[in-house]
Amino acid sequence: MPDGRRRDGTGTRQIPRLHPGADRFLAGPHSGVLTTLRPDGSAHLAPVRFTWDDSAGLIRVMTTAARVKTRNVRDNPGARAAICQSVQFRWITFEGPATVSSDPARVAEGVRRYLQRYASPPPNVPRMVVIEVAVDRVMGLW
198 MPDGRRRDGT
208 GTRQIPRLHP
218 GADRFLAGPH
228 SGVLTTLRPD
238 GSAHLAPVRF
248 TWDDSAGLIR
258 VMTTAARVKT
268 RNVRDNPGAR
278 AAICQSVQFR
288 WITFEGPATV
298 SSDPARVAEG
308 VRRYLQRYAS
318 PPPNVPRMVV
328 IEVAVDRVMG
338 LW
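As C-alpha cells, this is what we get:
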C-alpha cells in the first residue's frame, strides 16, 4: 500500500510495514519495556521479553494473569499499549490496542515464538497468559 501499510488477514486492520533493517534489529534476543495504563490513567512500565509477528502485526508478551500489566490490559478493554526495544542508540516502538488471552492455542503460539527468539522457553508459571498488541503504529531509529 502506498502509505507503507498492509491489511491483516481479515482485511479489517492496517499493519504498518517495517523498515528492512527492523527485522534484523528484532531478531536479537533483546528485551523491551511494555507500557500499559493504570486505572487512574498513569503509565505502568515493565521490562519484558517480547516477539514480533510480522504477518499478523502482533507483539506478544508472555506473562501471568496476576501481573499488574495483565490486569491493566484486561480491566481496560480497547486500551492502547506500547513496547519499546532500545539497544545503544537504536530503538523501535510499537503501539496499538492490547488484549489478554489465556486461550491455549494463543498461549502456545506465544511460547513457540518466544522460544524461537530467545532460544529458551519462557518461565513455566501457573496461569500463563499472552498479552497481544495489535500494532497500528511503529516508530524507530534502527
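Under the numbering used here, the residue at position 48 of the sequence shown is numbered 245, and the numbers go up by one with no gaps. Just so it is clear, CB atoms sit at the ideal spot from N, CA and C, and this is done for glycine as well.
Neighbourhood of residue 315 by C-beta distance below 8 Å, restricted to the same chain and skipping five residues each side: 226, 246
Taking the beta strand (DSSP E) that residue 250 falls in, what are its first and last residues? 248–250
The beta strand (DSSP E) enclosing residue 270, as first and last residue numbers: Not the beta strand (DSSP E): residue 270 falls in the alpha helix (DSSP H), residues 265–271.
So the beta strand (DSSP E) residue 312 belongs to, where does it begin and stop? It is not in any beta strand (DSSP E) - residue 312 instead sits in the alpha helix (DSSP H) that spans 301–315.
Return the Cβ separation of residue 406 and residue 290 in integer angstroms, given the expectation that the two are a contact with Cβ distance under 8 Å. No answer is possible for residue 406: the residues shown for the chain start at 198 and end at 339.
Unbroken beta strand (DSSP E) run spanning residue 229, endpoints: 229–234
Buried or exposed: where does residue 286 fall if 16 or more other Cβ atoms within 10 Å of its Cβ makes it buried? exposed
Could you work out which residue in 300, 218, 223, 336 is closest to residue 329 when comparing CA atoms only? 300
Taking the alpha helix (DSSP H) that residue 275 falls in, what are its first and last residues? Unbroken run through residue 275: none, as it is neither H nor E.
Burial state of residue 305, where buried means 16 or more other Cβ atoms lie within 10 Å: exposed
Spatial distance of residue 295 from residue 284 (CA atoms): 24 Å
Secondary structure of residue 262, DSSP reduced to three states: coil
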